[in-house]
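Student:
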Amino acid sequence: MDIKILHIDSNHPVLWDQLQHSGFINHSDFSSSKEEIEAKIQDYQGIVIRSRFKIDKEFLDKATNLQFIARVGAGLESIDCDYAASKNITLIAAPEGNRNAVAEHTLGMILSLFNKLNEADCEIRTGHWNRESNRGHELDGKTVGIIGYGNMGKSFAKKLRGFDVEVLCYDIQENVGDVNAKQVSLQEFQEKVDVVSLHIPWSPETDKMVDSAFINEFAKPFWIINTSRGKNIVTADLVTAMQTGKILGAGLDVLEYEKLSFETLFKDTHTPEAFQYLLKAKNVILSPHIAGWTFESHERLAQVIVDKIKAKYFA
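So this is what it looks like as structure tokens:
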């Protein structure tokens, strides 16, 4: 078996080492342009990526011998999945690899928001001892709502088992609820929840899903956490809701303004007004798309990809 694999992003060494040990032929190219990769992709049966560039129709047309695309991450939105499937190319992702990391990050954001930890820390460091203004909220007694009850949503719900909370989930798939979360209609979800956590992919159905109309359907003011995809929230509408008190606080690991390959947001000369608000707001926690990016998940993601590639050829 001569299966040649092109790695176009660096990953944990276990991925390369275990594939090589299993008899696959590894090549790497971390610097060439998309056009340069396209010029040689016909020589490969497999490609391993993270988020360097889109695998589109043009790319796939030139990948005449490609048998699989493995993305070392949870989602496949950077790939033209339908066109790849029409060419009988197997698509491999690894949501199992970083679901625990995402769940812990989500919980950390909620607890930090509720207890104003970031704000209190900054004030202490600048010589301010403000106890009353930093009085927090307890998670116990609240209703936590999870939108998207797949790998990430289920892992987060499991983390909540130590709290005295009601956990509801909403998903377009039927019968996904379990012992950790009760599946409900969107109407019931919007009537009851105090905290909303997004765990959905970015797709035509979820693009800009959380907008003013969506937010205003909630019966109570609520906190929102987004560790899924930035474009699932209309940032300007989020800010408006925060200014009116409809949204009490936000934990955002992902932002609408992100680039596909995670370049810094601060290279642009113009900072959107809504983003400027988020940067200054005390009831906002921001992180640079790192919820699933722990030391442990770095290795686990690679291991999941190895296992799935080997299963394709050795099952």
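Numbering-wise (this note's numbering), the sequence shown opens with residue 215 and increments by one. Think of the CB as a built atom: it goes at the ideal place given N, C-alpha and C, for glycine as much as any other residue.
Distance check for Gln397 and Asn389, CA to CA, integer angstroms please.
Tutor: So the two alpha carbons sit approximately 7 Å from each other.
Student: Beta-carbon within less than 8 Å of Ile429's beta-carbon, same chain only, minus the 5 sequence neighbours each way: which residues are those?
Tutor: These residues qualify, in order along the chain: Asp451, Leu452, Ala455, Lys460 and Ile461.
Student: Just to confirm the assignment, what range does the alpha helix (DSSP H) spanning Asn240 have?
Tutor: No alpha helix (DSSP H) holds Asn240; the beta strand (DSSP E) holding it covers Ile239 to Ser242.
Student: For Ser411, which of helix, strand or coil comes out of DSSP?
Tutor: Looking at Ser411 - three-state DSSP - the assignment turns out to be strand.
Student: Just confirm the distance between the C-beta atoms of Ile269 and Asp294, as a whole number of angstroms; I'd bet it's less than 8 Å.
Tutor: That belief holds up - the Cβ atoms of Ile269 and Asp294 are roughly 7 Å apart, short of 8 Å.
Student: Quick one: which unbroken beta strand (DSSP E) runs of 3-plus residues sit fully inside the region 373-403? Chain order, please.
Tutor: If we require 3 residues or more, the beta strand (DSSP E) runs fully inside the region 373-403 come out as 380-384.
Student: Rounded to the nearest angstrom, what separates Tyr471 and Ser265 at their Cα positions?
Tutor: Approximately 16 Å between the Cα atoms of the pair.
Student: My understanding is that Leu327 touches Asn497, with C-beta atoms under 8 Å, so please give their C-beta distance in whole angstroms.
Tutor: Leu327 to Asn497, Cβ: 7 Å. Contact.
Student: Is it buried or exposed for Gly287, if we count other Cβ within 10 angstroms and need 16 for buried?
Tutor: Under this definition Gly287 is a buried residue.
Student: Are the CB atoms of Leu493 and Ala464 nearer to each other than 9 Å?
Tutor: Contact: no.
Student: Helix, strand or coil for Ile447, going by three-state DSSP, please let me know.
Tutor: Ile447 falls in the strand class under three-state DSSP.
Student: Do you know how far the Cα of Ser442 is from the Cα of Gly322?
Tutor: So the two alpha carbons sit approximately 15 Å from each other.
Student: What's the C-alpha gap between Glu291 and Leu331?
Tutor: Computed Cα separation, rounded: 34 Å.
Student: Can Asp257 and Asn279 be called in contact, C-beta distance under 9 Å?
Tutor: In this structure, Asn279 lies closer than 9 Å to Asp257 by Cβ.
Student: Please look up how many angstroms separate the CB atoms of Asp354 and Val393, rounded, as I've assumed it's under 8 Å.
Tutor: Actually they do not touch by this definition, with Cβ atoms about 19 Å apart.
Student: Look up Gly311 in the DSSP assignment and say whether it is helix, strand or coil.
Tutor: DSSP places Gly311 in helix when its eight states are reduced to three.
Student: Between Glu251 and the rest of its own chain, which residues show a CB-CB distance below 7 Å, the 5 nearest in sequence each way excluded?
Tutor: In the sequence under discussion, the amino acid at residue 251 is Ile, which differs from the Glu named in the question. Closer than 7 Å at the Cβ level, and outside the excluded window around Ile251, lie Ile222 and Asp243.
Student: Ala464 bridges to which residues according to DSSP?
Tutor: Per DSSP, Ile438 and Val498.
Student: For Glu510, which of Ile261, Arg313, Gly376 and Asp216 has the nearest alpha-carbon?
Tutor: When only C-alpha atoms are compared, the closest one is Arg313.
Student: Gly370 and Ile360 look like a contact to me (Cβ under 8 Å); what is the Cβ gap, rounded to whole Å?
Tutor: Checking the sequence, you will find Phe at residue 370 rather than Gly. Yes, Phe370 and Ile360 are in contact; Cβ-Cβ is about 6 Å, under 8 Å.
Student: Can you tell me the Cβ-Cβ gap for Ile324 and Val409, rounded? I've got them flagged as a contact below 8 Å.
Tutor: Ile324 to Val409, Cβ: 6 Å. Contact.
Student: Looking at the strands, I want to know which residues DSSP matches up with His221.
Tutor: Answer is Ser242 and Val262, bridged to His221.
Student: By Cβ distance, which residues of its chain are closer than 8 Å to Gln382, with the 5 residues on each side in sequence left out?
Tutor: For the record, residue 382 in the displayed sequence is Leu; it is not Gln. Only Thr357, Val358, Gly359, Ile360, Ala395, Lys396, Gln397, Val398, Glu402, Phe403, Lys406 and Val407 meet the Cβ criterion.
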